[in-house]
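> Protein sequence lines, in the order shown, are assigned to chains A and B.
Just add 22 to wherever you are in the first sequence, counting from 1, and you've got the numbering used here.
Residue 113 in the numbering used here sits at position 115 of the second sequence, with consecutive numbering throughout.
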Amino acid sequence: MDFFPSQEGDMLINSPTSTRNNLSRVEIERQRSKADKVAWFTHNEFLWRSGASFLWFIFLLPAISILYVTLVLFSLKNPFAWITDVLSKIFSFWELFVFVFFFGIILTPVVWVNIKICSVEVKTGVTRLSVVKSLFTVKHVSHLIFCILSGSLGIYWLTSFTYYEYGVFTRNCTTFYNEKPLLCFNETTLFLHVFGAVLGVVYSLIYFKEKHRQIKFPVVQQERIFRVKACLVPCFWRAVVVSVKSVQIGYPLYFLFGTFAKGAVRWFTGLYQDRQLSRLDSLYGLLDLRLFWFCFTSGIVIAYVWLLTNKLFIIVYTEVLRFPIQSTFTEDADQSLPVALKCQTVPLLKYLAFHDLCQLSQFSSKRRKQIFSLSIPGGRPLNWLWISDECLTLLNDLKERLTLHNNNRHMMYRVVRTTESLAKTPTRSFRDTSQSSVKRTPNPVRFQTTSEISTSGSKTLRHTLTGHQSSAGHKSSENTPIQQDHKVLMSEKLKQIPLVEYLVEKVDELETEDLFSDVQIQIWAAEGLSRLVAASFTEDVFGVVQKTLPFILTSLLELLQAVELYLKRPLDQEQLYRKRHPSEIKRTVHVFRDSLRCSIYRITETFQQHISDVELTSSNKEFLTSFLKFQE
Amino acid sequence: MSGKMSSLAVFPAPSLQDTITITEYNSNFVTAENPRECQPCLYTFGQDGRFDQMLATEDPLKMPTNLARDCLSESPFLAVEESLSQRLYNIWLSDGFSGVLEELSETESSEVPVIISSTSQRLHALFKWIEYLPDRLAFRKQFKEPLEFDYLSEPIKAFAWHPHLTKFAVGFEDDSIRIFIVKRGFTKLLNHRYQKAVSCCAWRPLSSSVLAVGCQNGVMIWKINQHSSALRQGASSVQHLTHPGHSFITSLSWSPGGRLLVSGSASSGVMMVWDVTMECGTALHRIGGSISHVTWSPCDTKIFVATESSLIRVWETQKWTCEKWTNLASKCQAACWSPDGKFLVFSVAEEKSLYYLRFCEPVGNTGMENFNIGGAKMAVKCADLSEHSWGVNGKTVSIGGYVTNMAWDPTGERLAVILKDDKGNTQDYIPVFKTNLENIFDLVPSGFIHGSPTDGQPRDLSFQKNFMQGALLSIIWSSGKISFIPMIFSPRTLIRNNHSQRDLINGHGNNGLYSNQVNHSLE
Chain A
23 MDFFPSQEGD MLINSPTSTR NNLSRVEIER QRSKADKVAW FTHNEFLWRS
73 GASFLWFIFL LPAISILYVT LVLFSLKNPF AWITDVLSKI FSFWELFVFV
123 FFFGIILTPV VWVNIKICSV EVKTGVTRLS VVKSLFTVKH VSHLIFCILS
173 GSLGIYWLTS FTYYEYGVFT RNCTTFYNEK PLLCFNETTL FLHVFGAVLG
223 VVYSLIYFKE KHRQIKFPVV QQERIFRVKA CLVPCFWRAV VVSVKSVQIG
273 YPLYFLFGTF AKGAVRWFTG LYQDRQLSRL DSLYGLLDLR LFWFCFTSGI
323 VIAYVWLLTN KLFIIVYTEV LRFPIQSTFT EDADQSLPVA LKCQTVPLLK
373 YLAFHDLCQL SQFSSKRRKQ IFSLSIPGGR PLNWLWISDE CLTLLNDLKE
423 RLTLHNNNRH MMYRVVRTTE SLAKTPTRSF RDTSQSSVKR TPNPVRFQTT
473 SEISTSGSKT LRHTLTGHQS SAGHKSSENT PIQQDHKVLM SEKLKQIPLV
523 EYLVEKVDEL ETEDLFSDVQ IQIWAAEGLS RLVAASFTED VFGVVQKTLP
573 FILTSLLELL QAVELYLKRP LDQEQLYRKR HPSEIKRTVH VFRDSLRCSI
623 YRITETFQQH ISDVELTSSN KEFLTSFLKF QE
Chain B
-1 MSGKMSSLAV FPAPSLQDTI TITEYNSNFV TAENPRECQP CLYTFGQDGR
49 FDQMLATEDP LKMPTNLARD CLSESPFLAV EESLSQRLYN IWLSDGFSGV
99 LEELSETESS EVPVIISSTS QRLHALFKWI EYLPDRLAFR KQFKEPLEFD
149 YLSEPIKAFA WHPHLTKFAV GFEDDSIRIF IVKRGFTKLL NHRYQKAVSC
199 CAWRPLSSSV LAVGCQNGVM IWKINQHSSA LRQGASSVQH LTHPGHSFIT
249 SLSWSPGGRL LVSGSASSGV MMVWDVTMEC GTALHRIGGS ISHVTWSPCD
299 TKIFVATESS LIRVWETQKW TCEKWTNLAS KCQAACWSPD GKFLVFSVAE
349 EKSLYYLRFC EPVGNTGMEN FNIGGAKMAV KCADLSEHSW GVNGKTVSIG
399 GYVTNMAWDP TGERLAVILK DDKGNTQDYI PVFKTNLENI FDLVPSGFIH
449 GSPTDGQPRD LSFQKNFMQG ALLSIIWSSG KISFIPMIFS PRTLIRNNHS
499 QRDLINGHGN NGLYSNQVNH SLE
């Protein structure tokens, strides 16, 4: 009947250190196994949310189309004709409907791919090489292909409603002195297809470069309509940029290689060259303003639809999903908050759960009460234990990662020192040549190996280093020493080449991104925990939170120390420039540090002098005292 | 809901014109005739023994002379000779293309051909013009708005107590901000070339030394290094938050959680919500004219916004929806939240009274189910402040008028207001109400505070946030002086906690934490 054997219940009071580990291990395992079966989310919620964003897309498409028609038919020479043209297009309801319908269908594949490859955590690796490598993954290549197809088809479809003559593949070019009917190849079609493909490529590259596939949660969670409204105009400007870039690339491309493409098409189809019109791959041909305007506006509208739908999707997906704290029925037991927090298979679900935790800790005393309550059979604070355990695991994981990184970096500098003092011998010249290859920053990989050669005794040191490099490093260390040295030397030589060095060198920003890839849930975990602890001061009638208070404080304090140590690391010249205009991930790390500080302050401010009764290690206590005195 | 309406007639008779109120003790206001007499009182009742010496000195605001830079002394840094290309590259990295243009237009003709420098000069001018276009448009619009320019010429333009520490920031006429720590005096000087026309400042909660300053050019966020002994803060410790059209900040308020900051501006009706560390803002558009006042409720779930029209709004901070109250007699002039966030007291410009709005429960208690703000439909009038005259020692003292400013102490027991009469002159007497939030909202007249005749009129009120013995009111006078009135009483919450200490189930009493008690009992 009971959840735990009785001894564990006793442990709960006796030794708080082992409590958390032993008490809920069984339960957590069970929860994990439950959490991995989150079919309900992918089926119901996912479908529902995708449907909602798609509905928005359908609603917005006619408006965008009308805007497009207005723009593309614009003519300075006869504005009256323009207005009547536009009105007649708009009021030809059936034609407009068909146009919008098929336009939507043509653009939908890209929307679908966008939805498929969006994720909350985007990892690209820590070197430039890995970034390049990530461009050639299935995801990116398929996205690129879909974009190219959709772009060139889309722009072709746009001609059907506005400039029909651009879209036709052949044209009758019978001249009056030559009676024989002739079919000529319409070069504009080819140009438009090329332009559409370029547009697809540009969009796809921007999509990956600017991380549009990353789902970012907004700080100000407004209602959907306001968020959609707020992104309409910025998306339009982005679309203009995409279109300008496509023009910048597409026009020169066609100017240079248009002849070959045209020749190839004519060779395949056996159509004639139209002698009456000027060639499009000539300067004069490309200066056709009407064609340019058509390309430019069509590029804007296609990119706009793609960008906007992606934004719409993210907006709908980042909305708060409310999880019940505990479920009354067994069939939806896997939909409760503790289960969702532990979800490993659907990262988005985990993010939504942490988001909900942060929200409820701030806004809903009713649900907080549920967390602080005891389970009905057994009378144990299971909800609180599950939630706090998951948050603490998350925070401690990051703390370990950071400590390892900081230690490693520290070690690296010590290695540099030892090599400098020991190796005034042949290795000196070796290092000099490597230094002459521009870089001032100590390249971690290089120093690791030089140290190995010069100080063969420091094996332990090498171990710690290679242990952090990668698992591949471990495998190679199992080879015979001679082979290994040979390999190391080879790779060392390779790394001497400036280009290779540039590619395999660790980039600080990417490294930060890699370390703090889940920083958003870390922020929520820290805030949620601290708010729950602060609320427990008045709301927790059974005193369930105080059991875990030492762990929470220890985690927060140590993590804050690790983050501060990480942020204080020495910077090289290039990064100093960056420091003035910090990248987004740097700012997010600062937000994380701030929220850790706020969390600790929130706890100390609530508990005031009582906090000194919490059992902590002396160094943590000292650190906590500085918070009590507001000296941080 | 409310008890009977409070009015000035029920107040005890005010003291004479030439006396000064020193303190409130046992619900009586202690007055003295000689300003010097007040010093011992302040020493006795101050939280840390005494209040800052600088408050008593005649001219505390003088700049220390050693700050003036000696022009003759040589710079400790040597100028580095850089080639033009290197210089341009560095500028391009730091300031972008427009920086390069600026540099090119300023370099001498020996280094750059005249054509290039003149073209870049023109291009740079064009860029500048385009860059400032939105600002310029906003500025033109802004002049239509009634701005309180008279207020801007005051010697003290902004004042803010730190939420956790006994220190405060004061914004002066010269647009510098100075930080004073009680017992240590003037410690930091914050000025920046963008910090012009300072109107307000606010300390970040749950942080020791981050200050937001609202000024003409947007919001400046100062991260004050409290460990350094340097008086002046470097420009590297400031962050500048701007949004097109969001200039002439009128009011600032931090979220109690310390992450977000809201600001209202005189130039647009947009309320900005800043994620300060990320340096990004979200604009919340609603109709209703420019914003004169924003305040985040202490319970973290609501934000009060007053506009220049006869309209007030309250936002909830979960879904960021708002409720509005229209048809006020005129625009809202002053407002403050009760410490529990359940009551909002406000005054309007053309009515001599105080109103309150009751909010059922904080959003949390009703659950997140409906995100409603729970505000009452109608604002209730709770105090009538029309003129009343007293005969004091044969002289007639008349007090009453429109409320221009008010402050509520953090324990929710004292409410002080500044009044303005029909002619628009601020009155010398500051009425103080005792407030009761226990079951019903009640305003009980307490007494008047009167300053020294040389101080001029009161301009702004503020309560210290961490005063344990009751409440400490700081008053900013038009002469540029700040006076401090301690009010010594035992807050109800404290009394209640002490009474119920023994029957606390969760053991959060003064005896320590539950876990330790259990541990001790087991040993």
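Even glycine gets a Cβ: it sits at the ideal position worked out from N, Cα and C.
Keep in mind it's a predicted model, so treat the numbers as computed, not measured.
#1: For chain A, check one thing: does any of its Cβ atoms lie closer than 8 Å to the Cβ of B/Thr185?
#2: So which of B/Phe166, B/Thr315, B/Arg191, B/Gln467 has the shortest CA-CA distance to B/Arg182?
#3: Out of A/Arg390, A/Ile622, A/Tyr373, A/Leu587, which one is the CA nearest neighbour of A/Glu143?
#4: On a CA-only basis, which of B/Ala233, B/Ile438, B/Gly449 is nearest B/Leu14? Give me that one, please.
#5: Helix, strand or coil for B/Asp453, going by three-state DSSP, please let me know.
#6: For B/Ile416, tell me which candidate among B/Phe157, B/Gln425, B/Val112 has the shortest Cα-Cα distance.
#7: Against A/Arg71, what residues of chain B qualify as contacts under a CB-to-CB distance less than 7 Å, listed in chain order?
#8: Does the distance from the CB of B/Trp252 to the CB of B/Val217 come in under 8 Å?
#9: In three-state terms, what does DSSP make of B/Lys142?
#10: Quick one: using the 10 Å Cβ neighbour count with 16 as the cut-off for buried, is A/His165 buried or exposed?
#11: Tell me whether A/Phe213 sits in a helix, a strand or coil according to DSSP, three-state version.
#12: Check each candidate in B/Tyr130, B/Tyr400, B/Met376 and name the one with the smallest Cα separation from B/Ser384.
#13: What does a CB cutoff of less than 7 Å around B/Ala7 pick up in its chain, not counting 5 residues either side in sequence?
#14: Could you please tell me which residues of the region 252 to 268 of chain B, in chain order, have their CB closer than 8 Å to any CB of chain A?
#15: How big is the Cα-Cα spacing for A/Leu83 and A/Trp116?
#16: If the cut-off is 8 Å on Cβ atoms, which residues from the region 608 to 626 of chain A count as contacting chain B, listed in chain order?
#17: B/Ala158 bridges to which residues according to DSSP?
#18: Would you decide whether B/Phe157 is buried or exposed? Buried here means 16 or more other CB atoms lie within 10 Å of its CB.
#19: Would you list, in sequence order, the uninterrupted alpha helix (DSSP H) runs of no fewer than 4 residues that lie entirely inside the region 153 to 213 of chain A?
#20: Does the Cβ of A/Val368 have 16 or more other Cβ atoms within 10 Å, making it buried, or fewer, making it exposed?
#21: Chain A beta carbons: is any one of them nearer than 8 Å to that of B/Lys463?
#22: Please classify B/Asp172 as buried or exposed, where buried requires at least 16 neighbouring CB atoms within 10 angstroms.
#23: Since B/His448 is in the beta strand (DSSP E), which residue starts that stretch and which ends it?
#24: When DSSP builds the beta bridges, which residues end up paired with B/Pro387?
#25: When the Cα atoms are used, what is the spatial distance from A/Leu589 to A/Arg609?
#26: For the region 307 to 337 of chain B, which residues have a beta carbon sitting closer than 7 Å to at least one beta carbon of chain A?
#27: Roughly how many whole angstroms lie between the Cα atoms of A/Arg402 and A/Leu396?
#28: When you compare the region 180 to 193 of chain A with the region 144 to 162 of chain A, are there three or more beta-carbon pairs, one atom per stretch, that lie closer than 8 Å?
#29: Just to confirm before moving on: does the CB-CB distance between A/Asn405 and A/Gln348 stay below 8 Å?
#30: Starting from the beta carbon of A/Leu242, find every residue of chain B whose beta carbon is closer than 7 Å, and list them in chain order.
#31: Check each residue of the region 291 to 304 of chain B: if its Cβ is closer than 9 Å to any Cβ of chain A, include it; give the result in chain order.
#32: For the beta strand (DSSP E) holding A/Glu644, just list the boundary residues, first then last.
#33: Could you give the first and the last residue of the continuous beta strand (DSSP E) run that contains B/Gly97?
#34: Using the Cα positions of A/Phe573 and A/Val361, report the straight-line distance between them to the nearest angstrom.
#35: According to DSSP, is B/Ile289 part of a helix, a strand, or is it coil?
#36: Which runs of the beta strand (DSSP E), 3 residues or longer, sit entirely within the region 250 to 322 of chain A?
Here's the rundown:
#1: Counting from one through the second sequence, the residue named residue 185 of chain B turns up at place 187. It does not; no Cβ of chain A falls within 8 Å.
#2: Residue 182 of chain B sits at position 184 when you count from the first residue of the second sequence. The candidate whose alpha carbon is nearest that of B/Arg182 is B/Phe166.
#3: The sequence position of residue 143 of chain A within the first sequence is 121, counting from 1. With distances taken between Cα atoms, A/Glu143 lies closest to A/Tyr373.
#4: One-based indexing of the second sequence puts residue 14 of chain B at position 16. Ranking the options by Cα distance to B/Leu14, first place goes to B/Gly449.
#5: For the purposes of this step, residue 453 of chain B is taken as residue 455 along the second sequence, with counting starting at 1. In the structure shown, B/Asp453 sits in a helix (DSSP, three-state: H, G or I).
#6: To locate residue 416 of chain B, count along the second sequence from 1; it is residue 418. Of the candidates B/Phe157, B/Gln425, B/Val112, the one whose C-alpha sits nearest the C-alpha of B/Ile416 is B/Gln425.
#7: Residue 71 of chain A sits at position 49 when you count from the first residue of the first sequence. Neighbours of A/Arg71 on chain B: none; closest Cβ ~17 Å, over 7 Å.
#8: Position 254 of the second sequence, counted from the first residue, corresponds to residue 252 of chain B. Position 219 of the second sequence, counted from the first residue, corresponds to residue 217 of chain B. No. Outside cutoff.
#9: Against the second sequence, residue 142 of chain B aligns to sequence position 144. Unreliable positioning characterises B/Lys142 in this predicted model, as indicated by a pLDDT of 43, which lies under 50. The coordinate reading is nonetheless provided below. B/Lys142 falls in the coil class under three-state DSSP.
#10: For this step, residue 165 of chain A is matched to residue 143 along the first sequence. Burial call: buried.
#11: Translated into positions along the first sequence, residue 213 of chain A becomes position 191. The answer is helix: DSSP assigns A/Phe213 an H, G or I state.
#12: Residue 384 of chain B sits at position 386 when you count from the first residue of the second sequence. Selected option, being the one with the closest Cα: B/Tyr400.
#13: Reading the second sequence from its first residue, position 9 is the one you call residue 7 of chain B. For B/Ala7, where only same-chain residues beyond five positions count, the Cβ hits under 7 Å are His386.
#14: Gly255, Gly256, Arg257, Leu258
#15: Within the first sequence, numbered from 1, the residue matching residue 83 of chain A stands at position 61. Within the first sequence, numbered from 1, the residue matching residue 116 of chain A stands at position 94. About 15 Å.
#16: Arg609, Thr610, His612, Val613, Asp616, Ser617, Arg619, Cys620, Tyr623, Arg624
#17: As a first step, residue 158 of chain B is located in the second sequence; it is residue number 160 there, counting from the start. For B/Ala158, which the question treats as bridged, DSSP gives the partners B/Ala167.
#18: The residue labelled residue 157 of chain B in the question sits at position 159 within the second sequence. With 16 or more Cβ atoms within 10 Å of its Cβ, B/Phe157 is classed as buried.
#19: 160 to 183, 186 to 189
#20: In the first sequence, the residue the question calls residue 368 of chain A occupies position 346. So A/Val368 counts as buried.
#21: For this step, residue 463 of chain B is matched to residue 465 along the second sequence. Not an interface residue.
#22: Counting from 1 along the second sequence, the entry for residue 172 of chain B is found at position 174. With fewer than 16 other Cβ atoms within 10 Å, it is exposed.
#23: Locating residue 448 of chain B in the second sequence gives position 450, where the first residue counts as 1. From DSSP, the beta strand (DSSP E) with B/His448 extends over 440 to 448.
#24: Locating residue 387 of chain B in the second sequence gives position 389, counting from the first residue. The sequence given here places Ser at residue 387 of chain B; Pro does not occur at that position. For B/Ser387, which the question treats as bridged, DSSP gives the partners B/Ser396.
#25: The residue labelled residue 589 of chain A in the question sits at position 567 within the first sequence. The residue labelled residue 609 of chain A in the question sits at position 587 within the first sequence. Each residue's Cα considered, the two are about 11 Å apart.
#26: Gln316, Lys317, Trp318, Thr319
#27: Counted from its first residue, the first sequence places residue 402 of chain A at position 380. Counted from its first residue, the first sequence places residue 396 of chain A at position 374. C-alpha separation (whole angstroms): 5 Å.
#28: no
#29: On the first sequence, residue 405 of chain A is found 383 positions in, with the first residue counted as 1. On the first sequence, residue 348 of chain A is found 326 positions in, with the first residue counted as 1. Result yes, Cβ atoms of A/Asn405 and A/Gln348 sit closer than 8 Å.
#30: Translated into the one-based positions of the first sequence, residue 242 of chain A becomes position 220. Sequence check: residue 242 of chain A is Val here, not Leu. Ordered by position in chain B, the residues that pass the 7 Å Cβ test against A/Val242 are Val271, Thr280, Trp318.
#31: Asp298, Thr299
#32: On the first sequence, position 622 is the one that residue 644 of chain A refers to. A/Glu644 -> not in any beta strand (DSSP E); alpha helix (DSSP H) instead, spanning 640 to 650.
#33: Within the second sequence, residue 97 of chain B is the residue found at index 99, counting from 1. Segment 95 to 104 is the alpha helix (DSSP H) holding B/Gly97; no beta strand (DSSP E) there.
#34: In the first sequence, the residue the question calls residue 573 of chain A occupies position 551. In the first sequence, the residue the question calls residue 361 of chain A occupies position 339. Computed Cα separation, rounded: 22 Å.
#35: Within the second sequence, residue 289 of chain B is the residue found at index 291, counting from 1. B/Ile289: strand per DSSP, three-state reduction.
#36: none
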